[in-house]
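Numbering (the working numbering), first residue to last: 302 to 594.
Below, the structure is given as structure tokens:
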């Protein structure tokens, strides 16, 4: 992410994108019944890792052994539709608030963090973030907010925190590979090198869960806000619209390629189900039930 209006950090919803937003946040208009059977919480903890600017189209060539192992041994999709415009704030807010930007802007709109606080009976969340705009996701202080960088030192700090503090929900959002995409181009050698580096950081975080002694009761969720093309994003093209989703861990089907259309607003409800939480009426996204065993 580049901290400028031009590259989408201050976002105005443009005329003509509302229908695209609504379609993405209802799972691409998939047919879902109003009430679905919700399984018992399959895991005690969730670790969400967000990679800003990771377009799904770039994963096949990426040297990311940790991520690709989770794809093989978990459930995944490379066709999760984000919302328009394909910039960071509308998509991170939609992901964590389970609804599109024009619906989730109210002061006390529920987030996955506030739902955990209100329903979790003492469960705790931590949010490691790099882009300062993400502070607005938790204006109600429903998570322990911690500023980080995209480097080994930060990943080691996150791993140590997880092992020692044992949060119920850990969210990590790195500012890469977006920054590299803007400076070097999406799909460039530098972009793929950054993906390889990020995979190593994710391996450190995974090891922190193992060191904490609760790996077998944790689900990892990996996703992104948008992709990119050339040196930017913000428009309605497949390389900017499609982001990956990987769900891996306890109670998750292995080797599943999710076939149904998905939207970025479906991620928060899915994490809520994993944690045994109810889904707020304000959310338009729906849990992705097919990932569960």
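Built from N, CA and C at the ideal position, the CB exists for glycine as well.
C-beta contact flag for residue i and residue j at 8 Å
i           : j           : result
residue 670 : residue 495 : Absent from the model: residue 670. The displayed extent of the chain is 302 to 594, so no value can be given.
residue 553 : residue 376 : yes
residue 525 : residue 385 : no
residue 460 : residue 509 : yes
residue 584 : residue 344 : no
residue 414 : residue 429 : no
residue 374 : residue 549 : yes
residue 559 : residue 522 : no
residue 353 : residue 536 : no
residue 492 : residue 485 : yes
residue 564 : residue 529 : no
residue 350 : residue 463 : no
Separation of residue j from residue i, as counted between CA atoms
i           : j           : result
residue 500 : residue 556 : 20 Å
residue 567 : residue 392 : 12 Å
residue 515 : residue 456 : 18 Å
residue 546 : residue 561 : 13 Å
residue 569 : residue 588 : 8 Å
residue 422 : residue 348 : 19 Å
residue 551 : residue 480 : 33 Å
residue 388 : residue 394 : 11 Å
residue 431 : residue 420 : 27 Å
residue 543 : residue 512 : 34 Å
residue 449 : residue 538 : 31 Å
residue 328 : residue 482 : Its pLDDT being 43, under 50, residue 328 is placed unreliably by the model, and the measurement read from it follows with that caveat. About 27 Å.
residue 580 : residue 458 : 31 Å
residue 261 : residue 440 : Since the displayed the chain opens at 302 and closes at 594, residue 261 lies outside it and no answer follows.
residue 304 : residue 390 : Legend: pLDDT at residue 304 = 34, less than 50; position of this residue unreliable, no value from coordinates given.
residue 533 : residue 360 : 18 Å
residue 517 : residue 364 : 26 Å
residue 372 : residue 527 : 19 Å
residue 489 : residue 531 : 9 Å
residue 442 : residue 405 : 17 Å
residue 437 : residue 447 : 13 Å
residue 433 : residue 367 : 27 Å
residue 452 : residue 370 : 22 Å
residue 471 : residue 396 : 15 Å
residue 578 : residue 465 : 24 Å
Residues sharing a beta bridge with residue i, DSSP
i           : result
residue 430 : 448, 474
residue 346 : 519
residue 382 : 543, 564
residue 548 : 376, 522
residue 352 : 475
residue 593 : 553
residue 579 : For residue 579, which the question treats as bridged, DSSP gives no partner whatsoever.
residue 533 : 530
Heavy atom of the ligand GDP within 7 Å of residue i beta-carbon
i           : result
residue 516 : Within the structure as shown, the ligand GDP is missing, as the structure has no ligands at all.
Residue i versus the options, residue with shortest Cα-Cα distance
i           : options            : result
residue 519 : 505, 532, 469, 475 : 469
residue 426 : 580, 572, 594, 584 : 572
residue 503 : 473, 488, 489      : 473
residue 346 : 443, 462, 424, 451 : 424
residue 594 : 434, 476, 575, 390 : 575
residue 417 : 360, 445, 451, 366 : 445
residue 435 : 577, 465, 398      : 398
residue 540 : 590, 487, 578      : 487
Checklist entry - Using 8 Å as the Cβ pair cut-off and three pairs as the minimum, do the stretch 365 to 383 and the stretch 405 to 423 touch? => result no
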